[in-house]
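Protein chains: 4
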Amino acid sequence: MTQNLAQANDLVLLVGRDDKRFFVRLVPGASFHTHHGFIRHDQIIGQPFGGAVRTHSGHPYLLLQVSLFQQIMHVKRATAIVYPKEIGYILLKINAVNGARIVEAGTGSGALTLALARAVAPDGHVFTYEVRSDMQALARKNLESAGALANVSMKLRNIADGFDESDADAAFLDVREPQDCLAQVRRALKGGGFFGAIVPTTNQVQTLLAGLLQDGWAQIEVEELLMRPYKIVPERLRPDDRMVAHTGYLIFARKVDEGAWTPPAAEDRAVEEADDEPAE
Amino acid sequence: MTQNLAQANDLVLLVGRDDKRFFVRLVPGASFHTHHGFIRHDQIIGQPFGGAVRTHSGHPYLLLQVSLFQQIMHVKRATAIVYPKEIGYILLKINAVNGARIVEAGTGSGALTLALARAVAPDGHVFTYEVRSDMQALARKNLESAGALANVSMKLRNIADGFDESDADAAFLDVREPQDCLAQVRRALKGGGFFGAIVPTTNQVQTLLAGLLQDGWAQIEVEELLMRPYKIVPERLRPDDRMVAHTGYLIFARKVDEGAWTPPAAEDRAVEEADDEPAE
Amino acid sequence: MTQNLAQANDLVLLVGRDDKRFFVRLVPGASFHTHHGFIRHDQIIGQPFGGAVRTHSGHPYLLLQVSLFQQIMHVKRATAIVYPKEIGYILLKINAVNGARIVEAGTGSGALTLALARAVAPDGHVFTYEVRSDMQALARKNLESAGALANVSMKLRNIADGFDESDADAAFLDVREPQDCLAQVRRALKGGGFFGAIVPTTNQVQTLLAGLLQDGWAQIEVEELLMRPYKIVPERLRPDDRMVAHTGYLIFARKVDEGAWTPPAAEDRAVEEADDEPAE
Amino acid sequence: MTQNLAQANDLVLLVGRDDKRFFVRLVPGASFHTHHGFIRHDQIIGQPFGGAVRTHSGHPYLLLQVSLFQQIMHVKRATAIVYPKEIGYILLKINAVNGARIVEAGTGSGALTLALARAVAPDGHVFTYEVRSDMQALARKNLESAGALANVSMKLRNIADGFDESDADAAFLDVREPQDCLAQVRRALKGGGFFGAIVPTTNQVQTLLAGLLQDGWAQIEVEELLMRPYKIVPERLRPDDRMVAHTGYLIFARKVDEGAWTPPAAEDRAVEEADDEPAE
């Protein structure tokens, strides 16, 4: 077990008394400046997490480890990222467990890539595809900064040209027209493999759904997740005034061998889904 | 890489053309009976996932691997379980990554325990406490069935008497009166350690929040997650008629050394929380 | 002021101690039967609202007036009705106030017609169109039973053939393909008149929106309303386990003279709508 | 029928091509100034609604009637107002129909008062109580501006001292501690009368609920309404990014004669409410 002390090169979180939060990479010789004064990183290195460090003028900052959640929220972004409320759910739905081999497109800023890499570590691997080299460079920097590159292969390619992998446990798409890549995804997945996608509009859901049904995928689901935060005042407990109303629609499915399965007809699909029934 | 074939002792999913789902543990010599006829497990063993197996009367069933999500949903339960939409979020919030050491109470049916064990594998460990021996026995059976016992220590004890661990990375409580165990949780956690809890009522949120604020915990949050499923009909895309409206309130916080931190006053807390601000 | 006593021919609500609710039309000589015994209507007539009436075996039933809300919820229905959570909002959005002249299609079971008739009474009028005579007959029965026919004209006609009215203050459509009737609605409305519609699917929203934008309608809005009920247990306050997740999408717009107005381009529309700004 | 032309003293809505909205009271001799130039009110008076008026530099503004919804949204406010999504629902739940006599406290900025006055017009009446004279003055100005004073009596009094009315059809409270006024509300209501309240926090819901149950009120309900707006882009239909997450909890109940009714025990109340069942 490592000691619970801040180390050189750690990414740490400093929280001021006004609840302002700062993510700081500890570099010997460097300094952290605030409007309450500065702290030299060397004063922070070796200090225990959960305690306070102080600026030269005595202002305290709480020293905390950075969680995976916080790393995800703070990747540098050039585009919208997939958010943790969706990421946690996606990891479970596409079975991103230790040892899994997962293909992903596009890489984007790498927020989901980071979460996938952590989830399949140490024995699994993430193969992430991106068409824009500037975006890939940004994601690489984010993953490197989070120390998550070991389990990731980054590929600069349009997945319309296919994935290199052919036996992936899962595939996830965050691209503009996922319905156009279903054949490529199918070739990349092993039998019964997990498929997931996120799209922002109902039009894209409709098109992707039509493609999945057409191609005979199984266990198709469409879902939205809403997160509602509360004010942390026990004597006046109530939700925040405003909330994020939309980040995207999630679509999941399972790959089926061609011809093995005939999807239920539309009128059956329209019926409220019965809950799963355990057997055994 | 293992072959993508069903093996003896695997837990597999069989899906009928009517979308009925059956979880079956493959045991040589056993049979699976449906109203469309039966299939001998020996016929299933060795078959590729993603294809169909057929009853003696020719009715096809799709053969699929069981995901962690599905294992969680299908633990045998004696009480309400924590649901996957919350579990995925909890795993990220309390930083349940490979190598983490996590204490949990109560074990309940073991649904969250299973997810925690998978998330911290192979190098981490889950220490799960439960007061009821019948419940612990049920959870043990569920974890064993999922092959997840290796990373779990199960303890039959009231956490009012304290945890054995003193340097846990994270703690999660799913107990009736979490506010009464905050001192014990604090002793079990390392500095800056992650705390999470789920409670069903607003009254419990109020009491737990008051306790956390009183004891100077940091980064306190209260949140609800809502999951809205859609009918999978592309030409008539719309949400399901009904949805689960409530499974629980999630509360998160970080342990702070005593005296290191003064929580903001209530009037400040009531103010809409500013978004985190990256620095570095 | 009328006396607060149940009268012959009143529709009243009887509530048992088990919270079972019965809507009863009081008819001299008739009887109301329950598994706790019977009550003769003559025993109820003349009793004050808010008190109890008793079966011959002494079981009490609470005697209450029936609200408009309850009348709406209990129209006899052959199809899905528009629900009160939407109705209240619709009445305000399309300005259904005393004196307004409103056209509606289709009549359906008459739930919304009933609410519109009450809202525009005593000086306004509702012109409601329906193609199915059996449906119209059902709605007529519901409106008659609620005493709301005085302000309603019922027409058996497909609105593809146009409305008779040409200066309506507002129009509301609950039909399968509202986008096909926009020209007819436009002719029925006065300048600046209010348009509303409810549709169940995202596909219909897309088509109707495209039609409204194409034809230069103003102040177009699309909204969903969600109602979340709570268990009424003060010491364990929490939402119900399940809720209605979808009843329909609401679309509103204002009629504009042809050529008077150019709708903003798509890229502008995509921008988050600014809040209204008061001037004067 | 009045002509569909803007009249002197009308409150009208002017909408710019950039979708900016201005509420203007038409006063002969006055002018309306924008950064696209000015329009003299005399140019607007006599113009048809639904058409455009133009500034001296030729910039068009759409001329529209102001709806009740818009009047409510644009009352001048000194405090939070009750919002239309709740108001429409409240009107139906407390049976605010033509002829009803309704007591309300506090008046606040008069947004709900305005809606109640319109709903009970022309034969009903609203008695609205307020303790702060500055607030009452503001509400009076808002009601006068909307032409809604005829059906309203405004009283400057703390309802702890009781209402003057004793046979009201309905009562609505938007006060800080509604549970302290239940005896006064009971005396103001007729038997079976409708009670409604809005409170922002779960703590207030708990206290009010306890009071209502203690005093034997019937048909108690607690509900929240959420409104989710969509971007009006048919080819990319999706919800807005953010939404209002909380405006208040709604509580409804019916007055019952003392001793006539024993409320169900807590364990029964905790059970999912059965839907109403029609009889007759």
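Protein chains in written order, with my numbering: chain A, 31 to 310; chain B, 31 to 310; chain C, 31 to 310; chain D, 31 to 310.
Using N, Cα and C, we set each Cβ at its ideal position, and we do this for glycine too.
1. On the DSSP letters alone, give me the boundaries of the alpha helix (DSSP H) that D:H71 sits inside.
2. Can you pull the chain D residues whose beta carbon is under 8 Å from the beta carbon of A:V112, in chain order?
3. Less than 8 Å separating the beta-carbons of D:I250 and D:A198?
4. How would you write the range of the beta strand (DSSP E) that D:D164 sits in, first residue to last?
5. Nearest to B:P152 by alpha carbon, out of B:G177, B:L168 and B:Q166?
6. Using beta carbons (cut-off 8 Å, strictly below), is D:I74 in contact with chain C?
7. Looking only at its own chain, which residues have a Cβ that is under 8 Å from the Cβ of A:L144, when we skip the five neighbours before and after it?
8. Rank C:A147, C:A190, C:E160 and C:A200 by C-alpha distance to the C-alpha of C:A180 and give the top, closest one.
9. Compute the beta-carbon to beta-carbon distance between B:E160 and B:A169, rounded to the nearest angstrom, for a pair I have assumed lies under 8 Å.
10. Using the C-alpha atoms, what's the distance from C:A167 back to C:G136?
11. List the residues of chain A that D:E265 touches, going by C-beta distances under 9 Å, in chain order.
12. Take D:G76 and list the residues in its own chain whose beta-carbon comes closer than 6 Å to its own, dropping the five residues that flank it on each side.
13. Does DSSP put D:Q330 in a helix, in a strand, or in coil?
14. Indicate whether at least one CB of chain D lies closer than 8 Å to the CB of C:V156.
15. Starting from C:T277, trace the beta strand (DSSP E) both ways and give me its first and last residue.
16. Which residues share a DSSP beta bridge with C:G67?
17. Who does A:I228 pair with in a DSSP beta bridge?
18. Step through the CB atoms of chain B and report whether any lies within less than 8 Å of the CB of C:V301.
19. Check the Cβ-Cβ distances between C:E251 and every residue of chain D, and say whether any is below 8 Å.
20. Along the chain, where does the beta strand (DSSP E) containing D:L92 start, and where does it finish?
21. Hey, could you find the ends of the alpha helix (DSSP H) D:L142 is sitting in?
22. What does the alpha-carbon distance come out to for the pair C:H89 and D:V252?
23. Give the straight-line distance between the Cα atoms of B:A122 and A:G118, rounded to the nearest whole angstrom.
24. With a cut-off of 8 Å, does the C-beta of B:Q244 fall near any C-beta of chain D?
25. Specify the secondary structure class of C:F79 as computed by DSSP and reduced to three states.
26. Against chain C, does D:P152 count as a neighbour if the rule is that its beta carbon must be under 8 Å from one of theirs?
27. Would you kindly check if the distance between the Cβ of C:G222 and the Cβ of D:Q95 is under 8 Å?
28. Report the neighbours of C:Q37 on chain D: residues whose CB is nearer than 8 Å to its CB, in chain order.
29. Considering only the beta carbon of each residue, do A:R217 and A:G192 sit closer than 8 Å?
30. I need the DSSP call for B:V286, collapsed to helix, strand or coil.
31. Should B:K185 and B:F225 be called a contact, given that it needs their Cβ atoms to be closer than 8 Å?
32. Who are the near neighbours of D:V112 in its chain, counting only those whose CB is closer than 7 Å to its CB and skipping five residues on each side?
33. Considering just the uninterrupted stretch of the beta strand (DSSP E) at D:Q209, what are its terminal residues?
34. Going straight from the alpha carbon of C:N39 to that of C:A126, what length do you get?
35. I'd like to know whether the C-beta atoms of C:P269 and B:H276 end up nearer to each other than 8 Å.
36. Got a sec? Which residues, its chain only, sit under 7 Å from B:R51 by beta carbon, not counting five neighbours each side?
To lay it out plainly:
1. For D:H71, the enclosing alpha helix (DSSP H) starts and ends at H71 to I74.
2. Going along chain D, no residue has its Cβ under 8 Å from A:V112, so there is no contact; the nearest lies around 15 Å.
3. Not in contact: D:I250 and D:A198 (Cβ atoms no closer than 8 Å).
4. That residue, D:D164, is in no beta strand (DSSP E); its alpha helix (DSSP H) goes S163 to S175.
5. Ranking B:G177, B:L168 and B:Q166 by CA distance to the CA of B:P152 puts B:G177 first.
6. no
7. L98, Q101, I102, V105, N172, L173, A176 and A178
8. C:A147
9. 7 Å
10. 13 Å
11. T231 and N233
12. L35
13. A query on residue 330 of chain D cannot be resolved here, the shown segment of chain D reaching from 31 to 310 and no further.
14. By this cut-off, C:V156 is not an interface position.
15. Judged by DSSP secondary structure, C:T277 falls outside any beta strand (DSSP E); it is assigned neither H nor E.
16. C:T64
17. A:I228 is bridged to A:L280.
18. Confidence in C:V301 is poor, its pLDDT being 37 and thus under 50, which makes the residue's placement too unreliable to answer from.
19. yes
20. Counting along the chain, the beta strand (DSSP E) containing D:L92 begins and ends at P90 to Q95.
21. Looking at the DSSP string, the run of the alpha helix (DSSP H) that includes D:L142 is A141 to V150.
22. 28 Å
23. It is worth fixing the name first, because residue 122 of chain B is Leu in this sequence and not Ala. The straight-line gap from Cα to Cα measures roughly 6 Å.
24. no
25. coil
26. yes
27. yes
28. Residues of chain D passing the Cβ test: none, with the nearest at roughly 14 Å.
29. A Cβ-Cβ contact shorter than 8 Å links A:R217 with A:G192.
30. When DSSP states are grouped into helix, strand and coil, B:V286 belongs to the coil group.
31. Taking the C-beta atoms as reference points, B:F225 is found no nearer than 8 Å to B:K185.
32. A141, L142, D204 and I228
33. Careful: D:Q209 lies outside any beta strand (DSSP E) and carries neither H nor E.
34. 28 Å
35. yes
36. L43 and V45
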